[in-house]
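There are 2 protein chains.
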Amino acid sequence: MKRKQADWQKKLVSYVHQKGGRMTRQRLEVAQALVEEKGHMGVGALSDVIKKRFPSISKATLYRTMKLLCDAGIAKACEFGEGFLRYEALHPEEHHDHLICTSCGKIVEFEEKAIEALQEAVAKRFKFEIVSHRLDIFGLCDKCRKLTNKNDTPKE
Amino acid sequence: MKRKQADWQKKLVSYVHQKGGRMTRQRLEVAQALVEEKGHMGVGALSDVIKKRFPSISKATLYRTMKLLCDAGIAKACEFGEGFLRYEALHPEEHHDHLICTSCGKIVEFEEKAIEALQEAVAKRFKFEIVSHRLDIFGLCDKCRKLTNKNDTPKE
DNA sequence: CTAAGTGCAAAAATTTTGCAAACTA
DNA sequence: TAGTTTGCAAAATTTTTGCACTTAG
């Protein structure tokens, strides 16, 4: 059975062709891995995943492809203060922000229309036209908070 | 006239001494430059500024000191997707977020208690304990929006 | 075919680290 | 003086680039 072409796939093909470019196996594999893993992947981790199915891919291609996918609106770069970029698949008509556990690294996505509405209000106040935004909340997840409290208060 | 010791200065001295460390000219110069410049400075730019008054300072010291100032709660690292970190002086009891013009690089700071309240609500929903957050809105400032509109619509 | 894309390795750019010398308390 | 901090240069990381080779269209 021929699998229905996914949304990101159409988008990628049309973006590439429209720019007079070619659709290559590398580009397809990278995009697919990003969508399937659905996490927030650094290029290193992404490379490991993709090499399982396509061992000859190089990091240079990965970096070049990530840029392409971002331009095409299929991926988005995230920085969580680790010294490198992570990428996540971007689904159309959907935007989310992040809760990041500073202890275990867990990332939770959330969407809060009310916050976005307030952002628009702020932008209007400063005469900015919003192109994109990023809201990351760093803290301790439920699990880590409990662990921390147990092992805490050793001295002082 | 002996200048009244600034808030950040007391904070720095007490932090350093409390950790059994020493207060050096380097640390003072770096903190002072960061506070006085009051921008969002990359280490490169900060180095240029400080070298005017203290030419022998090294980048290694700058990096080490930035980390120290962040730990002391005097500075805060910001990432605006440029491939390096910028630092801003952190004033007590004050938190702000950023509006960044993607065209001219202008950065406007704002504070919106209502957004912060909603963030707390989101965190509670996911059982997170907030440690810090970052909200950056990218877009076009008033000036750049006008320029863009003028030179726009050349084809299609 | 032919221009675009890839892989490799070298280059950039930012940040970190080891260590002898300098300096603070 | 003892232990911390600095400056330098080398190393580590992440990302970019030059170029010959491969490949999609």
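Going line by line, the protein sequences match chains A and B.
Mapping to numbering that gives the first Met the number 0: the first sequence position 4 is 3, numbers consecutive.
Mapping to numbering that gives the first Met the number 0: the second sequence position 144 is 143, numbers consecutive.
Just so it is clear, CB atoms sit at the ideal spot from N, CA and C, and this is done for glycine as well.
Since the model is a prediction, treat every value here as computed from it, not as a measurement.
- Query: What residue from B:Ile73, B:Ile99 and B:Gly82 has the CA that sits closest to B:Glu92's CA?
  - Reply: B:Ile73
- Item | Beta-carbon contacts of B:Ala32 that lie in its chain and below 7 Å, excluding the five residues immediately before and after | Leu45, Val48 and Ile49
- Might you give, ordered along the chain, the residues of its own chain that have their beta carbon closer than 7 Å to the beta carbon of A:Asp6, omitting 5 neighbours on each side? Pro91
- Which residue comes first and which comes last in the alpha helix (DSSP H) that contains A:Arg133? That residue, A:Arg133, is in no alpha helix (DSSP H); its beta strand (DSSP E) goes Glu128 to Leu139.
- Query: Considering only residues of the same chain and omitting the five flanking positions on each side of B:Val15, which have a CB-CB separation below 6 Å?
  - Reply: Met22
- Message: Once DSSP output is grouped into helix, strand and coil, what is the label at A:Lys154?
- Response: Any reading at A:Lys154 is ruled out, since the residue's pLDDT is 33, under 50, leaving its predicted position unreliable.
- Query: Going by the beta-carbon positions, is the gap between A:Phe137 and A:Ile106 smaller than 7 Å?
  - Reply: no
- Please state whether DSSP places B:His97 in a helix, a strand or coil. strand
- Are the C-beta atoms of A:Arg133 and some chain B residue less than 7 Å apart? yes
- Query: By the criterion of Cβ-Cβ separation under 8 Å, what are the contact partners of B:Asp47 in chain A?
  - Reply: The contacting residues do not exist; B:Asp47 stays about 23 Å from chain A at best.
- Query: Can you list, in chain order, the residues of its chain whose CB lies under 6 Å from that of A:Phe53, leaving out five sequence neighbours each side?
  - Reply: Glu28
- Message: Tell me the DSSP secondary structure of A:Leu84 in three-state form.
- Response: strand
- So, are the CB atoms of B:Ile129 and A:Ile114 less than 7 Å apart? no
- Around the C-beta of B:Gln17, are 16 or more other C-beta atoms found within 10 angstroms, so that it is buried, or is it exposed? exposed
- Item | Reduced DSSP secondary structure (H/G/I, E/B, other) of A:Lys18 | coil
- Sort out for me which residues DSSP pairs B:Glu108 with in a bridge. B:His97
- Return helix, strand or coil for B:Gly43, following the three-state DSSP convention. helix
- CB contact below 7 Å: B:Cys77 versus chain A: no
- Task: Answer yes or no: does any C-beta atom of chain A fall closer than 7 Å to that of B:Leu146?
- Result: no
- Query: Roughly how far, in whole angstroms, is the beta-carbon of A:Val34 from the beta-carbon of A:Tyr62, given that I think they are within contact range, below 8 Å?
  - Reply: The pair is not a contact, with the Cβ atoms about 18 Å apart (cut-off 8 Å).
- Message: Let me check you understand the geometry: is the CB of B:Glu128 closer than 6 Å to at least one non-hydrogen atom of the ligand GTP?
- Response: The ligand GTP is not part of this structure, which contains no ligands at all.
- Query: Considering only the beta carbon of each residue, do A:Lys126 and B:Asp70 sit closer than 7 Å?
  - Reply: no
- Proximal residues to A:His95 (C-beta, below 7 Å), its chain only, five neighbours per side dropped: Glu108, Phe109 and Glu110
- By Cβ distance, which residues of its chain are closer than 7 Å to A:Met65, with the 5 residues on each side in sequence left out? Val42, Ala74 and Tyr86
- Evaluate B:Arg133 with the Cβ neighbour count: other Cβ atoms within 10 Å of its Cβ, from every protein chain shown; 16 or more gives buried, anything less gives exposed. buried
- Query: Among residues of its own chain, excluding the 5 on either side of B:Thr101, which ones have a beta-carbon nearer than 7 Å to its beta-carbon?
  - Reply: Phe137, Gly138 and Leu139
- Query: Which word fits A:Cys103, buried or exposed, when buried means at least 16 other C-beta atoms lie within 10 angstroms of its C-beta?
  - Reply: exposed
- Spatial neighbours of A:Thr60 in its chain, beta-carbon cut-off 7 Å, leaving aside the 5 residues before and after: Gln25
- Query: Can you name the residues that DSSP bridges to B:Ala77?
  - Reply: A small correction: the amino acid at residue 77 of chain B is Cys; Ala does not occupy that position in the sequence shown. Paired residues: B:Arg85.
- Item | Where the alpha helix (DSSP H) containing B:Glu36 begins and where it ends | Arg24 to Glu36
- Task: Mind listing the chain B neighbours of A:Asp6? Cutoff is C-beta to C-beta under 8 Å, in chain order.
- Result: Those within 8 Å of A:Asp6 in chain B number zero; the least Cβ separation is about 24 Å.
- For B:Val12, collect the residues of the same chain with a Cβ closer than 7 Å to its Cβ; drop the 5 residues on either side in sequence, then sort them by chain order. Met22
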